[in-house]
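J.:
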Amino acid sequence: MIPRYQRILFWSLVGCILLMGAFLLHGCREAHKRLTALNDATPIAAPTTAATEEVSLYIASDADATIKPTRSQVALPQDPSLRARALLEYLLVQYSLPDSAHPLQSGQAVDDVFFLADASHPNQGKEITVNLHGSFADNHPSGIEVEQLTLDSMIGTLHAAFPEFAEVRFLVDGQSRATLAGHSSLDHTYLLRDTAMHPMVPSEAATQP
Amino acid sequence: MPKETPFVSAPGTSPDTIETTLPKPVTQIRNQILMFAITLLLGGACSIVAQETPRVPQAPPVGAALPQPAPPPKPPPAFYRNLIVLDPAHGGRDNGAQLSSSAVEKDVTLALVQKLRPALVAQGFTVAATRDSDPPDELTTDQRAGTANHVRPLACIVVHASSAGSGIRIISSSLAETDAKASSGRAVTWSKAQVPVIAMSLRLANETGLALDAAQLPVLLLRASVPPIDNLICPAIAIELGPLKTEAGKATLPSDPGYQQRVATAVAAGLASFRTHNAPPPISTPGVGARPGVTQ
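As they're listed, the protein sequences go chains P and W.
Residue numbering for the first sequence follows our numbering, beginning at 25 and increasing consecutively.
Residue numbering for the second sequence follows our numbering, beginning at 718 and increasing consecutively.
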């Protein structure tokens, strides 16, 4: 025969366990809601509904320090700002593929792209501002060649897609930053130009002044 | 009893007789005041005339030796043809790139500069470095550019290292050469200080590249915007040391001392060749001082 006080204690403990379980479940659900709310919910026009089009991507290679233009079929939104962002994201995704010749870490790289135009000179002085994620810059490989290739790759791709714009400026988390990853300068604007290049090799002809 | 009026002319007397009516001590005091005032006036007038009159050079006394004109102060040269500034990049809290599990960029750049220094001295150069050790505080790129610009060297070599790519990259400023013609004769901005010497920097990169090529080291010439190169007023290049990959798949890391020594010897030879082609020794003429814009 179990004493009465032990039965009361047992059922009290069972009740506490159930209450604690319910409290834990509730806490987990709340935490999940908070983490979900922190995710980037910036709306991007769904590229799946848009028709694919041919774009030029300027693909870099670390081995020979070249940038070669390639044609690719991509579905892009029509809004210029979203279009530029999607284009740059697509370009940088190529570098996170396993067989990339210019390997970069995967993940979101471009936060926003803004198009700035000088009202007094509508046909000149147009600038694109690319706001990069801080995580992209912090995890970018460090080195003059590798950083400059990333910048030139983005510059050439933007120039091919938006030839009416003259300059591009890069920000990191909305702030001006001295260098991308310790080497290539980010604190000035770059001219938008065709950055396809083959590095020069030294020659005797260029020796004399 | 009549009232005394010693300072007022008496009735019926002329004013000329007033003097005679004044007491003697008062007259003396008045005369002294007048003399003092006249002296002051004359002194002031003389000093004004002396200031306004142009000074006429005094002829030397006859028989005295003519003084020799003082030699003009020696103007600073455009650059010192035997001086090289080395800048091992990063340092302090800034480690630079992580090249391997045990090597960071700031140590590799310093090690290469320590090998480059004796190699340059052997070629007859004087070497200055922006840092000779790992400083506790980080040197900014503006401080490095200021150090190099202050001593006016023949060239400035910025040393970097990377784990990406293969071989050695020689980087010149990406500033456009067309800016040099537009800015000739005008002050250049800090961010474009390299523009007037961009052509020499390209020749320096080529000469150094040729020397590395002759040493059987793979080399490519690039252009990029890398601080502090754009802020330097002397011919400047950045040398980025990458892994040396062989066809067999083996890689020599930039931290390898033998690899660094080969690079240092080749770069020193390239700089000596650059000096020969671009800064020949000045022809010394007795009695003629140095002029601005010449090398020393």
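Even for Gly, the Cβ is constructed at its ideal location relative to N, Cα and C.
Is the shortest distance between the beta-carbon of G813(W) and the beta-carbons of chain P less than 8 Å?
T.: Along the second sequence, read from residue 1 onward, the residue named residue 813(W) stands at position 96. For G813(W), the answer is yes, since a Cβ of chain P falls inside 8 Å of its Cβ.
J.: Is there at least one Cβ from chain W nearer than 8 Å to T234(P)'s Cβ?
T.: Outside the displayed span of chain P (25 to 233) sits residue 234(P), for which this structure offers no information.
J.: Name the DSSP beta bridge partners of T94(P), please?
T.: Here residue 94(P) refers to the residue found at position 70 when the first sequence is read from its first residue. T94(P) pairs with L81(P).
J.: Looking at the structure shown, is M21(P) part of a helix, part of a strand, or coil, going by DSSP?
T.: Past the edges of chain P, shown from 25 to 233, lies residue 21(P), and the structure says nothing about it.
J.: Suppose you measure from the CA of A916(W) to the CA of S819(W); what does that come to, to the nearest Å?
T.: As a working mapping, residue 916(W) is identified with position 199 in the second sequence. As a working mapping, residue 819(W) is identified with position 102 in the second sequence. Cα-Cα distance, rounded: 39 Å.
J.: Quick one: Cα of G975(W) to Cα of D136(P), how far?
T.: Walking along the second sequence from the start, residue 975(W) turns up at place 258. Walking along the first sequence from the start, residue 136(P) turns up at place 112. In a straight line, the C-alpha of G975(W) is about 47 Å away from that of D136(P).
J.: Check whether the Cβ of Q172(P) lies closer than 8 Å to any Cβ atom in chain W.
T.: The residue you call residue 172(P) lines up with position 148 of the first sequence. Yes, because at least one Cβ of chain W sits closer than 8 Å to the Cβ of Q172(P).
J.: Alpha carbon to alpha carbon, how far is V98(P) from R201(P)? Give it in angstroms, no decimals.
T.: One-based indexing of the first sequence puts residue 201(P) at position 177. One-based indexing of the first sequence puts residue 98(P) at position 74. Going from the Cα of R201(P) to the Cα of V98(P) covers about 31 Å.
J.: Could you pull the DSSP bridge partners for N155(P) from this structure?
T.: Counted from its first residue, the first sequence places residue 155(P) at position 131. Per DSSP, D136(P), L195(P).
J.: Just the chain W side, please: which residues come within less than 7 Å of M178(P) by C-beta, in chain order?
T.: As a first step, residue 178(P) must be located in the first sequence, where it is residue number 154. Here the premise fails: no neighbours, minimum Cβ distance about 14 Å.
J.: Considering only C-alpha positions, which residue in the set L927(W), T925(W), A893(W), N923(W) is nearest to P913(W)?
T.: Here residue 913(W) corresponds to residue number 196 of the second sequence, with the count starting at 1. Of the listed residues, the one whose Cα sits closest to P913(W) is A893(W).
J.: Examine chain W for any beta-carbon lying closer than 8 Å to the beta-carbon of A133(P), and answer yes or no.
T.: Start at 1 with the first residue of the first sequence, and residue 133(P) comes out as number 109. With 8 Å as the cut-off, A133(P) does not count as an interface residue toward chain W.
J.: Of the residues that make up the stretch 927–959 of chain W, which ones have a beta carbon closer than 9 Å to any beta carbon in chain P?
T.: Listed by position along the chain: L927, A928, L929, D930, V936, L937, L938, L939, R940, A941, S942, V943, P944, D947, A955, E957, G959.
J.: What number of angstroms, rounded off, separates the C-alpha of D197(P) from the C-alpha of D851(W)?
T.: Working through the first sequence from its first residue, we reach residue 197(P) at position 173. Working through the second sequence from its first residue, we reach residue 851(W) at position 134. Taking the straight line joining both Cα atoms gives about 31 Å.
J.: Could you check whether L829(W) and D977(W) sit closer than 8 Å to each other, using their CB atoms as the reference points?
T.: Within the second sequence, the letter at position 260 stands for residue 977(W). Within the second sequence, the letter at position 112 stands for residue 829(W). A quick correction: the sequence has Gln, not Asp, at residue 977(W). Yes.
J.: Along the stretch 879–898 of chain W, what residues have a CB closer than 9 Å to any CB found in chain P?
T.: Cβ contacts with chain P come from S879, S880, A881, G882, S883, R886, I887, I888, S891, A893.
J.: Mind checking whether M221(P) and I91(P) have CB atoms under 8 Å apart?
T.: For this step, residue 221(P) is matched to residue 197 along the first sequence. For this step, residue 91(P) is matched to residue 67 along the first sequence. Closer than 8 Å, so yes.
J.: If I measure Cβ to Cβ from S130(P) and keep anything under 6 Å in the same chain, skipping five residues before and after, which residues do I get?
T.: Translated into the one-based positions of the first sequence, residue 130(P) becomes position 106. The answer, listed in chain order, is S120.
J.: Please decide whether R920(W) counts as near chain P, where near means a Cβ-Cβ distance under 8 Å.
T.: Looking up residue 920(W) in the second sequence gives position 203. R920(W) counts as touching chain P.
J.: Hey, quick one: how far does the beta strand (DSSP E) through L958(W) stretch, first residue to last?
T.: As a working note, residue 958(W) is residue 241 in the second sequence. L958(W) -> beta strand (DSSP E) spans 953–958.
J.: P1014(W): which of R992(W), A986(W), L927(W) sits nearest, CA to CA?
T.: Residue 1014(W) lies beyond the residue range present for chain W, which begins at 718 and ends at 1013; the question has no answer from this structure.
J.: Say whether chain P places a C-beta atom closer than 8 Å to the C-beta of A776(W).
T.: Within the second sequence, the letter at position 59 stands for residue 776(W). Low per-residue confidence applies at A776(W): pLDDT is 40, beneath 50, and the placement is therefore not dependable enough to give any value.
J.: Write down every uninterrupted run of the beta strand (DSSP E) in the stretch 783–867 of chain W whose length is 3 residues or greater and which is fully enclosed by it, in chain order.
T.: Runs found: 797–805, 843–846.
J.: Across which residues does DSSP place V936(W) in a beta bridge pair?
T.: What you label residue 936(W) is simply residue 219 of the second sequence in a count that begins at 1. DSSP lists I885(W) as partners of V936(W).
J.: Note down, in chain order, each residue of its chain lying with its Cβ closer than 8 Å to the Cβ of V773(W), except the 5 sequence neighbours on either side.
T.: As a first step, residue 773(W) must be located in the second sequence, where it is residue number 56. Any reading at V773(W) must be qualified, since the residue scores a pLDDT of 38, below 50, and its modelled position is unreliable; no value is offered.
J.: Along the stretch 818–848 of chain W, where does the CB come closer than 8 Å to a CB of chain P? Name the residues.
T.: If the cut-off is 8 Å between Cβ atoms, the stretch 818–848 of chain W has E822 near chain P.
J.: Suppose you measure from the CA of T94(P) to the CA of A190(P); what does that come to, to the nearest Å?
T.: On the first sequence, position 70 is the one that residue 94(P) refers to. On the first sequence, position 166 is the one that residue 190(P) refers to. About 22 Å.
J.: Might you give, ordered along the chain, the residues of its own chain that have their beta carbon closer than 7 Å to the beta carbon of P853(W), omitting 5 neighbours on each side?
T.: In the second sequence, the residue the question calls residue 853(W) occupies position 136. Excluding sequence neighbours, P853(W) sits near G809.
J.: Just checking: is the beta-carbon of V225(P) within a distance shorter than 8 Å of some beta-carbon in chain W?
T.: Within the first sequence, numbered from 1, the residue matching residue 225(P) stands at position 201. True, the Cβ-Cβ gap to chain W drops below 8 Å.
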